[in-house]
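Protein chains in written order, with our numbering: chain A, 1 to 366; chain B, 367 to 978.
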C-alpha cells in the first residue's frame, strides 16, 4: 500500500507564485515515488486540471473555520495517514492537531519571511513539535535555528528546483520586437510589485540607471510583474530614470523563458528572498544575475558562474557589478544543473524516506 | 593524537569542497599535529578530509593520514589512540583481512569493513574520527565513550563540516558565529560549556559515546552506544558485591588499564602530583616494568612552604618508584606572558585548564610526547566532596523541597541577607530550593553561579533563552537515566563522570595538552576499567582511595596516603587580582577565584570575529 500524505497548504495547483510552484514540484516528486497525496488548499482552483497520478486536490476553502472543519473531515476519511504536511506555519496548529489525532508524522515546510518574522512562543512550540522541518534555503534554516530549539538534524534544506522549460537559446522570433525594446542592453527584473515586498530592490536599480546610461545610452530596464506598488514604482522610475524603465505588468509563465532569453542581465538586489528561484530560472536561460545580500539569495547564486551578490545600499558596488557582469556575456547554464528536477526529486524522496523511517511520535511534544 | 577536519557537501546543490577552507581548518590545529599533515578528497570533491599528525604509534609514513582501505572504498581521518588495536588486528587477520601498516588507524578501517558503525563498541581507547564509506556514500563521525577526544560539527543544510576544535570550524570561514545562549549560560553556570552546546549556535559538540551518520539527506540524529549511568547500573547488577577481593579486583583493573595505556612507539611519562591517583599510576607503571619513567610536577612560587605545594611529596613518590622527576615552577610573570596564547588555545570558555597548560608545557620542554594523568580517579573512587554532600543534601531536604514556593521564598530572603553581609557564599541561598533533588543538589555543588545570579552578568534575554534551551536541571537529571535505579555512590559518580569530567576536565586536558603537542592519556577514564571495578556500594564501603594507594606492589608512602586532600590548585585568582591592582587576602579563596577567572575568560571575547 502506498504511503499517504495529507497536505495542508496555502496554495498549490490552480494558483500562481513560488510557493504554489514549490508545492507542485514537491508533491509530484513524491507521487513519482509511490506516495498518495491529498492536498487541502486555501486558495487555487484545480478544476479541470489533469493532476499527476497519486495526487488529489480538494476544493479550496479560504475561511479559516471552514477550512479547519473540512480538514478534520477529509483527514478522517483519508486514513491511514503516514504524514501530515504543513505548507505554512500559520496552519501549524491545525496540522499538528490532525497529525496527533491520526498518529501521523508531522512535517513543517518553511519558506522564508514567515519564520523570520513570526517568532511567537506558540509558533516556536508548534515548529519544535515537528518530526521534520524542511526549509528552502540555508539562510532560512540558520535563522530558524536561532530561535527554535530543534536538533540541527531535524531541520533539512530542500531547495527550489528549476523547471525544464528554462533553457538557454534565442527568444522565439518576434518576441523582442513585441516588447518594443530598443537596441541597447536589457536589464530584467521579474517580481511581484507589492508594497509588502519592497525589499525586492527595484528602486536601487532605478537609482543607478542614469549612471549606466552614460556608458550604455540605449540601456533599458524591463520590469515584469504587477501589484499594488506598481504606480508608486512607476513614479519613482519616472523621476530617477525617465524613459529608461519599461513596466510590462504580469507576464504569463509561458513567456518567461523568452523574456529571460531576450535580456542581457537579470538584476534583483533583493535582501529578503526566502530562496530566489527567479535567479536560477534566469541563469538556466543563460542570463547572469545580480542578487542582493541577505535572505536566501546565496543559495540561488551559488558562485560566479551564475552571478554576483551585492548590498543594494552600496550604489557604487551595484553599479560596478552591473557593468562588470554586462561585460562578461552569458552565464554557464551547467551551474544550474544541480537545481534541476532530477536532483530535486531524488532529494525529496530521500527526505521523505528518512521521515517515514522514524517511529511515529506519541507524545504531544508541545 | 592529532587534529582532524573534514567537509562533506552532501546535497547536490552544495559547491564542491573548498581545499582552502579545509586547509584553514587544519592549520588552526597545527599544534595538535606537528609531525605531519595530509589532505584527501574524493574524485568528485564531495568529501575532503584533513589531518595534522602527532606520531605516537607506527611513526613511519605507513601511519600517515587520511588513510584509505578496501581498494579506496573506505577513508578515515582519526584522532586518538586505540589501545587494543593489536588484539583487534589479530582477530581481523584471522578473518582474512590483510594489513599494510602497523598503525591503529588501519585497524579502525578494517574493523569498520567487518562490523560497520557498530565497531565503535569494540574499541578500547580515546578516539574521534570521520570515516567515509564510498559505497554507501555515508560519512560516519564517532567519539569515544567517555569523551576524551573532542569532535565538533556544523551543518548548514547543504554541507557538513567537522573538526577536533570548535575554533577550527570557525577558522574555515564558512560557519556562522551566531551566539548560542544555551552555551553562554552553561558556561556561566558551570564554568564549562555542556555538550552538545558550544557558545556558537551553528557549532555542535558530538556527545561522548555517540556516532553520527551523514547521508544524502544530511546528518541523522546521533546514536548513543555508551552511557555512564547504564554502565554503572550494569556493574552494580553484576553481583560482585562481596567486599572480599575488592581490593585485588581494583588493583588488577588498574594494572590492566595502565598496561593498555602504555602502548606507544615513544616513551610514556606521567603527570605526578602529591595525590594518590597519579602516584598509583607511577607505581603501577613500575610494576609493569616501565623504566626511567619521566614524572612531571607543577609547582607555584606562591605555594612554597604551604601544604598546597605538591613538589616535595611528589619527589618522594618519584624517588620511591625510580622515576626521573621534573619539577616545573610557574610564577605570575609566566602566567601573564602565556595568557594570550592560553586563551587563544582555549577552544571553549572554561574556568580550568591552566594547570594542564603549564604541566604539558613542562612536559614538552622535557621532550615528552605522551604522559599519563590521574584525571578521572576522583570520579571512579568517590574522591570529591560531592560524593558525601549531594546525597546528604538530597536525603535531608527532599521532603522540604516538596513544599511549593518555600525554596524560592527562602532563597530570596537569604540572597538579601547575604548581599547585606551575612557572610555566606551567594550560592548558599539556594540550598532549600535546589538541595532536595539530585539534579539541584549537584548543580548547587558544581555551579560557579546559580541561575538567579545570571541577570547581573548577562543580558536578561540571553539568560531567559539560554536557560530555556539548556534546561540545566532536566539535563543533569537525564544523565541519571539508566533503566534501573542507581545507588547514591553511583549516582554521584555518574554525574561527575558524564558532566564535570567530560565537559570540564577532559575538554581542558585536550586543548591545553594539544596546544603543547603533548598527548595526555587517562587510564582512569576507560569503560573497560570502569566495568572491571567493584560496584559503587563496594567502592564506597572499601575506602577506594586507600585501596588505590595499595594497588602498586610497593604501596604509596604514608606521607601521601594520609595527606589532607587539597585538590590540584593554582593561584590564578590571586594573580588576576594583583594584575588588576586589587588587594590580595592572606588566604586563598578558590570559589571567588573561579568567579573572577570565569569573568576574565568570558571577557576575552568569544563572540567577536577574532575568536577563531
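For glycine and all other residues, C-beta sits at the position ideal for the given N, C-alpha and C.
* Reducing DSSP to helix, strand and coil, say where residue 603 of chain B ends up. => Coil.
**Message:** Between B:783, B:655, B:621, B:640, which has its C-alpha nearest residue 633 of chain B's C-alpha?
**Reply:** The shortest C-alpha separation from residue 633 of chain B is found at B:655.
- prompt: Nearest to residue 963 of chain B by CA position, among B:509, B:798, B:717, B:853, is which residue?
  reply: For the residues B:509, B:798, B:717, B:853, the minimum Cα distance to residue 963 of chain B belongs to B:717.
Endpoints, alpha helix (DSSP H) assigned at residue 68 of chain A: For residue 68 of chain A, the uninterrupted alpha helix (DSSP H) run begins and ends at 64 to 77, by DSSP.
| By DSSP, does residue 426 of chain B sit in helix, in strand, or in coil? | coil
Could you tell me whether the Cβ of residue 302 of chain A comes closer than 7 Å to any Cβ of chain B? yes
List, in order along the chain, the chain A residues whose C-beta lies closer than 7 Å to that of residue 521 of chain B?
-> 152
- Query: Between residue 352 of chain A and chain B, is there a C-beta pair that is closer than 7 Å?
  - Reply: By this cut-off, residue 352 of chain A is not an interface position.
Residue 124 of chain A CB to nearest chain B CB: under 7 Å? no
Near-chain A residues of the segment 637 to 662 of chain B - C-beta to any C-beta below 9 Å:
none
Check: Taking a cut of 7 Å between CB atoms, which residues from the segment 322 to 347 of chain A lie near chain B?
Finding: Result list: 338, 339, 343, 347.
**Study point:** residue 971 of chain B in three-state terms, based on DSSP
**Key:** coil
**OP:** Would you tell me roughly how many angstroms separate the C-alpha atoms of residue 331 of chain A and residue 288 of chain A, rounded to the nearest one?
**Re:** 5 Å
Classify residue 703 of chain B as buried or exposed, calling it buried when 16 or more other Cβ atoms lie within 10 Å of its own Cβ. exposed
TODO: Assuming residue 128 of chain A and residue 153 of chain A form a contact by the criterion Cβ under 8 Å, report the distance between their Cβ atoms to the nearest whole angstrom.
DONE: The Cβ separation is near 14 Å, so there is no contact.
inquiry  = Which complete beta strand (DSSP E) runs does the segment 437 to 476 of chain B hold, if anything under 3 residues is left out?
reply    = Listed in chain order, they are 440 to 448.
Cross-chain neighbours of residue 145 of chain A in chain B, by beta carbon under 9 Å: 544, 567, 568
Could you give the C-beta distance for residue 769 of chain B and residue 807 of chain B, rounded to a whole number, given that I count them as a contact under 8 Å? Actually they are not in contact, since the Cβ atoms of residue 769 of chain B and residue 807 of chain B sit about 17 Å apart, beyond 8 Å.
For residue 694 of chain B, which option in B:701, B:708, B:673, B:725 has the closest C-alpha, if you only look at C-alpha atoms?
-> B:725
Under 7 Å, do residue 186 of chain A and residue 225 of chain A count as touching if we go by C-beta distance? no
### Query
For residue 963 of chain B, which of helix, strand or coil comes out of DSSP?
helix
Residue closest to residue 727 of chain B, alpha-carbon to alpha-carbon, out of B:461, B:884, B:746, B:866: Each of B:461, B:884, B:746, B:866 was checked against the Cα of residue 727 of chain B, and the nearest Cα belongs to B:884.
Using a Cβ distance threshold of 8 Å, determine whether the segment 567 to 578 of chain B contacts the segment 519 to 530 of chain B, with at least three qualifying pairs required.
yes
message = Let me see if you follow: with CB-CB separation under 7 Å, is residue 586 of chain B close to chain A or not?
response = Yes, residue 586 of chain B lies at the interface with chain A (some Cβ there is under 7 Å from its Cβ).
task: May I ask you to report which of helix, strand or coil DSSP gives residue 435 of chain B?
output: strand
- prompt: When we look at the beta-carbon of residue 49 of chain A and count the other beta-carbons within 10 Å, is it buried (16 or more) or exposed?
  reply: exposed
>> Against residue 278 of chain A, what residues of chain B qualify as contacts under a CB-to-CB distance less than 7 Å, listed in chain order?
In response: Within chain B, no residue comes near residue 278 of chain A; the closest Cβ sits about 16 Å away, beyond 7 Å.
Whose C-beta lies closer than 6 Å to the C-beta of residue 455 of chain B among residues of the same chain, with five residues either side of it excluded?
473
- Message: Quick check: is the beta carbon of residue 381 of chain B nearer than 7 Å to any beta carbon in chain A?
- Response: yes
Contact residues within the segment 500 to 526 of chain B, judged by C-beta distance below 8 Å to chain A: 521, 522, 523, 524
Next item on the list: Could you name the residues of the same chain whose beta carbon sits closer than 6 Å to that of residue 352 of chain A, not counting the 5 residues immediately before and after it, in chain order?
Entry: So the list reads 30, once near-sequence residues are dropped.
### Message
Please give me, in chain order, every unbroken run of the alpha helix (DSSP H) with length at least 4 that falls completely inside the segment 1 to 58 of chain A.
### Response
18 to 32
Closest residue to residue 116 of chain A among A:95, A:71, A:296, A:103 (Cα-Cα distance)
A:296
| residue 110 of chain A, enclosing beta strand (DSSP E) - first and last residue | Annotation: the continuous beta strand (DSSP E) that includes residue 110 of chain A extends over 105 to 110.
Quiz item: Of all the CB atoms in chain A, is at least one closer than 7 Å to the CB of residue 835 of chain B?
Solution: yes
For residue 251 of chain A, which residues from the same chain have a beta carbon less than 8 Å from its beta carbon, with the 5 sequence-adjacent residues on both sides left out? 190, 224, 225, 259
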